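To start, the structure under review is shown below, and the notes come after it.
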Amino acid sequence: MIFLWQSLLIPWLIGLLFLALFEEAPGYRAFNCFLAAGLGLGICSSAYFLLLVVRAPWRHGIALIEYALLAALAAANLYWWRKRRRSEDKLRDSHNPPLPAAPAGKPSWMLLLSVAAVVVLAAAAFLVHLSKYPHGGWDAWAIWNLRARFLFRGGQHWRDAFTDLISWSHPDYPLLVPGLVARCWEYMGRESLLAGQGIGAMFTLAAAGLLLTALAALRGWNQALVGSLALVGTPLFISSGASQYADVPICFFVLASLALLVIEGRDPRRHWSLAALAGLAAGFAAWTKNEGLLFVLAIVVARFATFSRREGIKSAGKRCAPLLLGLTPPLLLVLYFKLSLAPPTDIFAASGLAQRLLDPSRYGFVAASFFLQTVSFGGWFITPVLLLAIYGFCLGVKVDAVDRPAVSTVGIALALTIAGYAAIYVVTPLDLGFHIATSIDRLQLQVWPSLLLLYFLVIRAPERVSMDRKKRKKKAR
Amino acid sequence: MNSDFTLRTKIGIYTLAAMALLTGLIALKDEGGRSSASAESNIGFFDERFGRLADKLPSSGVVGYLSDQPFGDHQSTAEYYLAQYALAPVVVISNTDRRLVVGNFIHAAGSAQSIAAGRGLDPVADLGDGIWLLRNPGQ
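Chains as they are written, first to last, in the working numbering: chain A, 1 to 477; chain B, 478 to 616.
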């Protein structure tokens, strides 16, 4: 058991020390704590895969390698800390405008109690689900944990995991989740169901915490608590986490990437590091599932489109540079995997592609499915669309000027990602009804926390509503 | 309750909060009442059954699979996938064109040998509960 805890704690520490290398934006410490969990898991999964590729027997030394990485990061932090301290006085004297802050205000105790109750219910549902399905849901055991068994048990034959003799197990899917599970087993020295369960729990918690802390820093605690209610109160999010599906890790990376771009918009001084971290998170989304590659394309296009309209093409190129830099390491990993190990993706089968593209009934069916699924999304008692609409109607819309470019980037990136999902359904060679029925809810889940981030950035925060009312009263007097 | 909030703000917040609580309660009740009769919720059972073959198979390579159920329905597909899940890193393919074949006769354990003979396969080992290791003499 202690080795399991160690295998989950080490990535978090690696993530924390890695993030500490970048100067932290004031007010984002809690956000960084949750960000560190996911980024650390991404780094450790990549390291494990590299060890497999370089020399298979070496992978048993994964713990040693990670401890060495931890020590190297600690040393690098010490070096930077000393360097920063020396230049602290210079920095203090230089012109450092304060960052735009979220509206100040204490969280409502009633709202806190509501969130606590929803979290308790969600945690109980998570545990009940785990106890009933300890191996995870269908995709978890038939894809992710199966692949982890190939990696862990396969020895020199680990590449057999990618044979297209078992194409039903989607051997073209990237390895973030299976790599993490197999890596935990290496730590433990044996297979254990607790590994997949622990990773599922960690990503679920990290995604929820990331949304809470991002909104708290950007829009105040009350808006953050309402956003958390909407996410943690979504049964599909909780059951998918407990099912050990890769949709929750990809949720995390998509949200992390977009939230970092919003924070970057408020903190131009850390523009390079925040955009590079956003790129890294987007790259890890591509290392999690094939849909992550679509998101990578969407976020780059969205950023370029936003800034080319506002600042011109040259400036937009400069804005995209750190994002692309951050993307590069995980994308190289994905590229290597796709070119040297994975069989071709079945979705883009060429036969009949033109026929499917030119069939108008497919477009209608996909559009209707998206509409119906959106209305009934997430397993809510009442459609969350209506609940969010009521909230928006009651509080009103207000986008801070400083957030407008980032909100535009996030909106375009999510719209392109969803349009990409729809396009994949249009061209799929699988039975369209079956393909949609078995995947659309989880595709929508992948962008759900990010849609909530966008929505609660656009809607006025409760504190802001109160402040605006006080201002109006003062004026009237 | 935060007295600074306007009535409209409170309506917006607490409508969402009340529905989240109600949804959470229903979801918890649904989780508790979920049936555990399908192959998917008995993975441990199938994992242990198919796992008995692990010692009898080579440490890598490809083996075939034969079941007493027609391939294609949800249950038989799940059982074949579970055989692969249990036996990885050996690759299990859903036909009998290999030297060694995994036999899954859980639903008709008594007629395992006749089903195997009908496909021209020789029994190698009976591992209990309808799980057999078969050999294809033609391969």
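For glycine and all other residues, C-beta sits at the position ideal for the given N, C-alpha and C.
These numbers come from a predicted model, not from an experiment.
- The alpha helix (DSSP H) runs of length 4 or more contained entirely in the region 491-537 of chain B are, from start to end of the chain, 520-528.
- Counting only Cβ-Cβ distances below 8 angstroms, residue 525 of chain B has no contacts in chain A at all, with the closest Cβ about 12 angstroms away.
- With a threshold of 7 angstroms between beta carbons, residue 573 of chain B makes no contact with chain A.
- The three-state reading of DSSP puts residue 602 of chain B in strand, counting E and B together.
- Taking the Cα of residue 22 of chain A as reference, the smallest distance to any Cα among A:477, A:341, A:270 is reached at A:270.
- For residue 566 of chain B, the neighbours in chain A by C-beta distance under 9 angstroms run, in chain order, 149, 150, 151, 152, 153, 154, 155, 157, 158, 160, 161.
- Within the region 212-270 of chain A, the runs of alpha helix (DSSP H) that reach at least 4 residues and sit entirely inside it are, in chain order, 221-232, 235-242, 247-266.
- The residue from A:47, A:163, A:160 with its alpha-carbon nearest to that of residue 176 of chain A is A:47.
- C-alpha of residue 149 of chain A to C-alpha of residue 553 of chain B: approximately 22 angstroms in a straight line.
- Taking 7 angstroms as the cut-off between beta carbons, the residues of the region 372-398 of chain A near chain B are 379, 380, 381, 382, 387, 390, 391, 394, 395, in sequence order.
- The alpha-carbon separation between residue 187 of chain A and residue 375 of chain A amounts to approximately 44 angstroms.
- The region 482-501 of chain B makes no contact with the region 287-297 of chain A: fewer than 3 CB pairs, one atom from each, lie closer than 8 angstroms.
- Boundaries of the alpha helix (DSSP H) harbouring residue 80 of chain A: 62-86, taken from the DSSP string.
- Under the 10 Å beta carbon count, residue 2 of chain A is surrounded by fewer than 16 other beta carbons and is classified as exposed.
- By the C-beta density criterion, residue 330 of chain A is buried, having at least 16 other C-beta atoms within 10 angstroms.
- A check of alpha carbon separations from residue 604 of chain B across B:565, B:591, B:582 identifies B:582 as the nearest.
- Beta bridge pairing from DSSP links residue 544 of chain B with B:581.
- Residues 21 of the same chain have their beta carbon placed closer than 7 angstroms to that of residue 80 of chain A, with the five preceding and five following residues left out of the count.
- Across the set A:278, A:327, A:254, the C-alpha of A:278 shows the shortest separation from the C-alpha of residue 265 of chain A.
- Note on residue 566 of chain B: 16 or more other CB atoms within 10 angstroms of its CB, so buried under the neighbour-count rule.
- Collapsing the DSSP output to three states places residue 380 of chain A in coil.
- In this structure residue 140 of chain A does not touch residue 45 of chain A by the C-beta definition: roughly 16 angstroms separates them, more than the 8 angstroms allowed.
- Within the region 141-208 of chain A, the complete alpha helix (DSSP H) segments of 4 residues or longer fall at 145-153, 176-188, listed in chain order.
- A residue is called buried once 16 or more other Cβ atoms fall within 10 Å of its Cβ, and residue 131 of chain A, having fewer, is exposed.
- Every alpha helix (DSSP H) stretch that sits fully inside the region 390-471 of chain A and reaches 4 residues is listed by chain position as 404-427, 432-458.
- Residue 253 of chain A is a Cβ neighbour of residue 281 of chain A, given a cutoff of 7 angstroms.
- Residues 407, 458 of the same chain have their beta carbon placed closer than 6 angstroms to that of residue 399 of chain A, with the five preceding and five following residues left out of the count.
- For residue 114 of chain A, the closest Cβ of chain B is nearer than 7 angstroms.
- If you check the CB distance, residue 427 of chain A and residue 366 of chain A do not come in under 7 angstroms.
- Using a CB distance cut-off of 7 angstroms, residue 576 of chain B does not count as an interface residue toward chain A.
- Going by DSSP, residue 612 of chain B is part of the beta strand (DSSP E) stretching over 608-612.
- The closest CA to that of residue 171 of chain A, considering only A:272, A:160, A:402, is found on A:160.
- With a cutoff of 7 angstroms on beta-carbon distance, residue 325 of chain A and residue 505 of chain B are scored as not near each other.
- By the rule that beta-carbons nearer than 7 angstroms mark a contact, residue 583 of chain B does not touch chain A.
- Going by beta carbons, residue 125 of chain A and residue 508 of chain B fall inside the 7 angstroms limit.
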